[in-house]
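The structure under discussion appears below in the form of structure tokens.
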Amino acid sequence: MVKIGDIELGEFPLLLAPMEDVSDPPFRALCKEQGADVVYTEFVSSEGLIRNAAKSVMKLDIYEKERPVGIQIFGANMESMLQTIDIVEKSNPDIIDINFGCPVKKVVSKGAGAGILKDICLMEQLTAEMVKRTNLPVTVKTRLGWDHDSIKIVEVAERLQDVGCKAIAIHGRTRAQMYKGNADWKPIAEVKNNPRMHIPVFGNGDVNTPERAVEMRDEYGLDGAMIGRATIGNPWFFKQVKHYFKTGEHLGPISMQERVEAARRHLQMSIDWKGEKLGVFETRRHYTNYFKGIPNFKEYRMKMVTSDDSKDVFDTFDEVLEKFSDYQFI
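Residue numbers (my numbering): 1 to 330.
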């Protein structure tokens, strides 16, 4: 049984990674229905929260059906991060997660996200003080290191555990790699195999097939998988992995009916939460994957990703279901 604090997650849980402009409440709800054991919010700026920036505050919206849910925050200023803890607690999440891994320049340039990998002592101090500030379990998501020559993830994980971190998720790339090349899970396994480690160690990066999830579990011995990009437009990925764990066989293809229904619900939930304009705009990124691989689909895809009117998009879903109802996905 894998546990974050007192939260029981079962054996080898699957976690939805925090993804900017992706892991919002509508998408988290769909992933939860399909078997995600823990879901995380988009990452929230500590500076944005203490300034009461509308976009940052909106990211704190969580719903009972999502639980257990973690709110992920990022920043590098001690006082701002501690004030953020106080604000985040009011949303009553199950977990508070600290982002020490985002490689994006605008985050790193402020010393936050993966930028803090250049200052492991600050990383440790921030974690320690945040743990003291809350009774909620505090977890960390990070990368192997700043670059290939500065990988100290075994030491980093141990130090974070020792100041009270309840779990660590590690992306198998350095900041210098961004999202290029292949994720290296060997250093993550070294963290797990450190005899001093007793908190869960989750792997992240390139878990894009059920077989890769099995590999992470059985060959690398990790406690769970945090999955990001493979789920975009494919919330069924969690169900597919769990089916493979149980049977050793791939789940049958997701039907056109299921895909259209998911896309429809996704859009409607987005509109209900964000309003018409943002709901339509921010759901577009998912459609390519919902309907990936269908031949002669460009006309319909263009309608989905260019229309500003939800009725037009819903009508397009109806057209797709009528025209491609017999299409067999592989």
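For every residue, glycine included, the Cβ atom is placed at its ideal position computed from N, Cα and C.
Secondary structure note for residue 208: it is in no beta strand (DSSP E), with a DSSP letter that is neither H nor E.
Exposed is the label assigned to residue 121, since fewer than 16 other Cβ atoms lie within 10 Å of its Cβ. The distance from the Cβ of residue 145 to that of residue 117 is about 6 Å, consistent with a contact at the 8 Å cut-off. The secondary-structure analysis by DSSP pairs residue 143 across a beta bridge with 171.
Shown here for residue 153: same chain residues with a beta carbon closer than 7 Å to its own, the five before and five after excluded, namely 144, 145, 170, 187 and 191 in chain order. Residue nearest to residue 22 within the set 252, 320 and 44 is 44 (criterion: CA-CA distance). Non-local beta-carbon contacts of residue 139 in its own chain, meaning distances under 8 Å to residues more than five positions away in sequence, involve 4, 70, 95, 96, 97, 98, 165, 166, 167, 168 and 169 in chain order.
Remark: C-beta atoms of residue 82 and residue 129 approach each other more closely than 8 Å. As DSSP reads the structure, residue 72 sits in a beta bridge with 97. Setting aside the 5 residues that flank it on each side, residue 235 is surrounded in the same chain by 30, 31 and 34, each with a C-beta closer than 6 Å to its C-beta; the list follows chain order. The DSSP-derived three-state label of residue 113 is helix. Taking the Cα of residue 175 as reference, the smallest distance to any Cα among 113, 319 and 322 is reached at 113.
Counting only runs of at least 4 residues, the region 251-304 fully encloses the following alpha helix (DSSP H) elements, listed from N- to C-terminal order: 256-274 and 276-290. Residue nearest to residue 14 within the set 208, 258, 26 and 278 is 208 (criterion: CA-CA distance). Judged by DSSP in its simplified three-state form, residue 88 adopts helix. Excluding residues up to 5 positions away in sequence, 46, 47 and 50 lie with their Cβ nearer than 7 Å to the Cβ of residue 80 in the same chain. Here the alpha carbons of residue 41 and residue 72 stand approximately 6 Å from one another. A residue is called buried once 16 or more other Cβ atoms fall within 10 Å of its Cβ, and residue 223 is buried on that count.
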